[in-house]
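For any residue, its number in this note's numbering is found by taking its place in the sequence shown, counting from 1, and adding 644. Here's the structure we're looking at; comments come further down.
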Amino acid sequence: MSKSVDKIKLVPKHEHQKLKVIPRKKLRTLIFLILVTLAILFIYTCVPRNFLSISSSKYSVLNSSSSLKDSESEEFNDYYDILNDEKPKGTTERIKESGKTKNILFWTRFFNNPDWYTGKDEAGEEVLKSVQCPVTNCFFTHNKELLRDIRKFDAIAFHGPEFRRAPLPNIRSPEQFYIFVSLESPTAVLDNLSAYKNFYNLSMTYRLDSDIEFDYGKVIDIKTNEIIAPAVNPKWKTPDENFYDEKIMQMFNTKKKPVAWFVSNCFTRSNRNKLVAEIQKFIDVDIYGNCGKLKCPVDDQKCLDMLTADYKFYLSFENSLCKDYVTEKLYRPLTQYIIPIVFNGGNTSRFAPPKSYINANDYNTPEELVKYLKYLIDNPKEYVKYFWWKQHYTIKSHPTYQYTLCDMCKKFNSESFMKAHHQYEDINEWYRNKDMCNQNSHIKFDNH
C-alpha cells in the first residue's frame, strides 16, 4: 500500500474493496473547511450585530471607574451613537410586545444596596400587588445573568451617585431604556454627568418632572386609596378651621418640650445649622444625632413615638435648597402627632396637605418664626387644628419603593408613554442646571 494513504489494519479482507481511501492532504483540507464554516456560523449567530461595527478592543468593555478625558468622552459618545442611528421612539418592538413580561435590571447598587432596598434579589408580581398596582407583568432584578443577552432587558437602571463604580454594559439595543436614578440633590452628586451624553433616555428622581416617580413619601386618600401627593397640582381638601379632637388635645397636654431635631450631617449647603442656632436664641431645641448631645435613631419606631409623646414641633430642615427636594424629613414626622417646621427649596404644598406643617420661609426672621410657635403653644386649640388632615389622608414614608416600581411598570405598559420620544442629550444640564438649586432663603439669619 502507498505511503501516502492510511493503513487500515482492523478491517476484514473482504471489506477492503468497499472502502474509499482518502489522501491525507484532502482530509486536512476538508477538516479545515468544516472548522471555518462552524466559525462563520458562530460569529453570525452569537456575536451581537452592533458589536461587529465597533472595534472590540476599543469599546467592548467601558470601565466607568476612572475619569473620562475629552477624547475618551468622544469615544464614549461614538459608542452610544448606536442610539442616534435608531433613537428609541417606542413605536416598534416595544409596542408589539405590550403585555409580555417587562424585565428591568438594576445595574449598579443603590446606596451600596444591590437589591435597591426591595429586600429581595428579585421582585415582581407580589411586590406590585402589595400596593394594588393595576399592572403586574414586570420583573425587577440585579442579576445581570438572568437573560443571556443584556439587550433583552426592557430597561436598565443606573444609580447616578454610584454610576462610576461598575463597568457599563458592553452592548445596547436601540429599543432599550437606560434610566438615570437619583434621590440625592444635585449638590450631592459630584460626578461629571456631562461626560455621558445621549446615554440616558429616562429619568427616575425625586423631581416632579421626572419620567418615573421616585419619591420620599406618599400622601394617600384614606377612602379612595388614591395617591394625592407628591404632585404638581394636588387636589387637597380644604382645611377645617373648626377642627377639634379631644385625643389630640390630650396628647398636646403630655408634650412638655417644644422642639426636636434629628440630624446626622452638621454642615450643609443650606446652612440649616446656622438657622437652628438662631432659633435656639428664642426657644429650646433638643438636637439628636451626630450634631447634638442626645442619641436616638430616627428610624427607630421608639424614637418616633417619643416625638409624639414629648415634643410639639420637629425641624424638617433639608441639607440643600433645591427644586422639589423634599425628603423623609417631612414625611416621617407627618406619620406622628407632631407639627413639622419645614425649610426646603421646594413648593411644600405639592408634597403635604395644607395646614399640616409650618414653613420657615413664610417668616422674615427666626424670631418671627418662634413667636408663632409660642402662639400655638399658648393656644392649644389652634395647635390641634394642624391635624385636621389625618381624618382624610394617610402617610407612607420612605422607603416607598413599591410605589416606584408600580409607576415604572405602569409606564412600560402605557402605549402613549412608549410612543413618546425619550432622550437626554445631556443629563447633567437637566439634572443640575443653574436654576435647580438656590441656597438663598426668604427667612434671614446670620447674613444668609
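Where is the CB? At the ideal position from N, CA and C, for every residue including glycine.
- Secondary structure within the segment 998-1040: the alpha helix (DSSP H) runs of 4 or more consecutive residues, fully enclosed, are 1010-1022 and 1024-1028 (chain order).
- In the structure shown, the three-state DSSP call for Glu766 is strand.
- Spatial neighbours of Leu959 in its own chain (CB-CB distance under 6 Å, excluding positions within 5 residues in sequence) are listed in chain order as Trp905 and Ile985.
- Ile675 is classed as exposed because its beta carbon has fewer than 16 other beta carbons within 10 Å across all chains shown.
- Closest option to Phe887, judged by alpha-carbon separation, among Gln1035, Asn915 and Val825: Gln1035.
- Here His1086 is exposed, its C-beta having fewer than 16 other C-beta atoms within 10 Å.
- Residue pairing for Phe783: DSSP places it in a beta bridge opposite Asn747.
- Straight-line spacing of the CA atoms in Tyr1027 and Asn988 works out to 22 Å.
- For Leu1049, the number of other beta carbons within 10 angstroms of its own is at least 16, and it is reported as buried.
- Straight-line measurement puts the Cα of Ile871 at about 16 Å from the Cα of Leu978.
- Val680 and Pro813 have their alpha carbons spaced roughly 30 Å apart.
- Every alpha helix (DSSP H) of 4 residues or more that sits fully in the segment 905-931 is shown, in chain order, as 916-923.
- Proximity to Glu922 across Glu1012, Asp793 and Thr785 peaks at Glu1012, based on C-alpha coordinates.
- Per the DSSP secondary-structure output, Met848 pairs in a beta bridge with Val825 and Ile856.
- Annotated three-state conformation of Val986 is strand, per DSSP.
- For the set Lys1088, Tyr1045 and Gln1083, the Cα lying nearest the Cα of Ile856 is the one of Tyr1045.
- A Cβ-Cβ separation of about 4 Å places Tyr844 in contact with Phe824 under the 8 Å criterion.
- In the DSSP assignment, Ala953 falls within the unbroken alpha helix (DSSP H) covering Gln945 to Asp954.
- Between Asp943 and Pro902, the gap from beta carbon to beta carbon reaches 7 Å or more.
- According to the DSSP assignment, Phe1061 belongs to the alpha helix (DSSP H) that extends over Glu1059 to Lys1063.
- Note on geometry: alpha-carbon atoms of Phe1089 and His786 lie some 46 Å from one another.
- Going by DSSP, Asp1051 is part of the alpha helix (DSSP H) stretching over Tyr1045 to Phe1056.
- Around Asn909, the same chain offers Asn963 as residues with beta carbons nearer than 7 Å, after the five sequence neighbours per side are excluded.
- Between the segment 751-759 and the segment 795-802 there are three or more inter-stretch CB-CB distances shorter than 8 Å, so the stretches are counted as touching.
- Taking C-beta separations shorter than 7 Å and ignoring five residues to either side along the sequence, the partners of Ala767 in its chain run Phe784 and Leu1049, following chain order.
- Under the three-state reduction of DSSP, Val775 is assigned to coil, being neither helix nor strand.
- Ile794 is the residue among Ile794, Asn1057, Cys782 and Val833 whose C-alpha sits nearest the C-alpha of Tyr822.
- Within the DSSP bridge table, the entry for Gly933 names Val907 as partners.
- About 6 Å separates the CB atoms of Ile866 and Tyr1037; that is less than 8 Å, so the two are in contact.
- Cα atoms of Asn781 and Lys900: separation of roughly 51 Å, rounded to the nearest angstrom.
- Judged by their CB atoms, Tyr860 and His1042 are nearer to each other than the 7 Å cut-off.
- Boundaries of the alpha helix (DSSP H) harbouring Lys973: Glu972 to Leu978, taken from the DSSP string.
- In the assembly as shown, Leu677 is an exposed residue. Its beta-carbon has fewer than 16 other beta-carbons within 10 Å.
- DSSP places Pro902 within a strand segment (E or B) once states are collapsed to three.
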